[in-house]
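Chains as they are written, first to last, in my numbering: chain S, 1 to 239; chain X, 1001 to 1117.
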């Protein structure tokens, strides 16, 4: 899919900020940041206590870097990134992006353009509307199961539950808080969207599973930890 | 049997604590009085071992030792859950602190570079 960008789109992209949580990503982070900087005005990398040179490399590639003094988890990193991004009053959109290079910057740019054209608060990337490259059958089945679970529990008609590529308009990003600091934040975002009744659309994205991203990714059984986190969080929120 | 009622009630209370655990002043009072009660009962049990067996028989348990084991299990569960809640609360604070520090440091770094440029 090709998107044609108008002058307005370019202004919008200039005022969008990409937030990349990273943890020991030295081998890939430079390319990811550089690619993002070509399209977007700002890139914020949140270094979640990496032991390697990720922070220096990201800074050299043109990103603003915020370094957690200790490892706090991906959800916490995203929230830190959001706060940093929103400090600039000109920033209108915040894009969350994975550090391992599995997302495409073109998809991210198209999603921000879509958010602007359609006037929605949230745009969610979906692998199942777009393409999924290099994933095993078992991984696909697990992701589909996660989608079914998310649909049943949030009532959102989404096709992908755990895609790290998302666009939030400023008003939504300001209200976003991650109670669950670890990996359960992906589903948490969706339940916040459902509860706050934010307007959202899904946008097809291509996710490329490289050997690197597979090695860095979550283990499949972590899905059960996520279900547990969410169930507990739900019951507590209700009380 | 009375003991079944007591144990089910104890376990249900543990589940309730797990789900809605908020640390309140009432909770603190309960924890303190329970600890005090446990110490007093412990001393009584040590001085008069026969009392434990009589208490066990009264609630439908054969031996005093069994009653002590049951009580220990339920108490352990409560303590574990309470500790977990406490840790979660501490972690929230740590995250917030670390985040503030990280954001400040980033700002400082930025200013230094603007100054030197």
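By construction, the Cβ of each residue, glycine as well, lies at the ideal position given by its N, Cα and C atoms.
query	result
Taking the alpha-carbon positions, what's the residue 1099 (chain X) to residue 201 (chain S) distance?	30 Å
Determine the chain X residues that contact residue 72 (chain S) at a beta-carbon separation under 7 Å, and present them in chain order.	1095, 1098
Hey, residue 101 (chain S) and residue 178 (chain S) are a contact pair by Cβ (cut 8 Å); roughly how many whole angstroms apart?	At roughly 23 Å, the Cβ-Cβ gap does not stay under 8 Å, so residue 101 (chain S) and residue 178 (chain S) are not in contact.
Counting only the same chain and skipping the five closest in sequence on each side, list residues whose C-beta sits under 6 Å from that of residue 84 (chain S).	44, 66
Are the C-beta of residue 203 (chain S) and some C-beta of chain X separated by less than 8 Å?	no
Would a check of beta-carbon distances place residue 64 (chain S) closer than 8 Å to chain X?	yes
Please report the residue range of the beta strand (DSSP E) in which residue 47 (chain S) lies.	42-47
From the DSSP output, in three-state form, read off residue 1099 (chain X) for me.	helix
What are the residues that DSSP puts in a beta bridge with residue 93 (chain S)?	S:16, S:169
Out of S:50, S:59, S:60, point me to the one whose CA is closest to residue 71 (chain S)'s CA.	S:50
Taking Cβ-Cβ distances below 7 Å as the criterion, which residues of the region 1018-1035 of chain X are in contact with chain S?	1019, 1020
So, under 8 Å CB-CB, residue 115 (chain S) and residue 123 (chain S) are touching, yes? Tell me the CB distance rounded to an integer number of Å.	5 Å
Counting only Cβ pairs nearer than 8 Å, list the residues of chain C close to residue 83 (chain S).	Given the protein chain composition of this structure (S and X), no chain C is represented.
What are the residues that DSSP puts in a beta bridge with residue 184 (chain S)?	Looking at the DSSP assignment, residue 184 (chain S) forms no beta bridge with any residue, so it has no partner.
Could you list which residues in chain S have their beta carbon closer than 8 Å to that of residue 1106 (chain X), in chain order?	64, 65, 66, 67, 84
Is there contact between the region 9-21 of chain S and the region 84-98 of chain S, where contact requires at least three CB pairs shorter than 8 Å?	yes
Mark residue 5 (chain S) as exposed unless 16 or more other C-beta atoms lie within 10 angstroms of its C-beta, in which case mark it buried.	exposed
Can you tell me which of the three DSSP states residue 1075 (chain X) falls into?	helix
I need the DSSP call for residue 221 (chain S), collapsed to helix, strand or coil.	coil
Please classify residue 23 (chain S) as buried or exposed, where buried requires at least 16 neighbouring CB atoms within 10 angstroms.	buried
Could you tell me if residue 148 (chain S) is buried or exposed, where buried requires 16 or more neighbouring beta carbons within 10 angstroms of its beta carbon?	exposed
Spell out whether any CB of chain X is found under 8 Å from the CB atom of residue 18 (chain S).	no
Taking the CB atoms as reference points, tell me whether residue 105 (chain S) and residue 81 (chain S) lie closer together than 8 Å.	no
Measure the C-alpha to C-alpha separation of residue 107 (chain S) and residue 204 (chain S) and round it to an integer number of angstroms.	8 Å
By DSSP, does residue 27 (chain S) sit in helix, in strand, or in coil?	coil
Count Cβ pairs between the region 223-231 of chain S and the region 32-43 of chain S that sit closer than 8 Å; are there 3 or more?	no
Indicate whether residue 184 (chain S) and residue 230 (chain S) have their beta-carbon atoms separated by less than 8 Å.	yes
Check whether the Cβ of residue 37 (chain S) lies closer than 8 Å to any Cβ atom in chain X.	no
Could you pull out every residue in the same chain whose Cβ sits closer than 8 Å to the Cβ of residue 163 (chain S), ignoring the five residues on either side in sequence?	124, 125, 126, 127, 186, 205, 207
Between X:1068, X:1102, X:1101, X:1020, which lies nearest to residue 1003 (chain X) when the distance is taken from Cα to Cα?	X:1068
How far does the beta strand (DSSP E) with residue 84 (chain S) in it extend, from its first residue to its last?	Element bounds for residue 84 (chain S): not the beta strand (DSSP E) but the alpha helix (DSSP H), 74-86.
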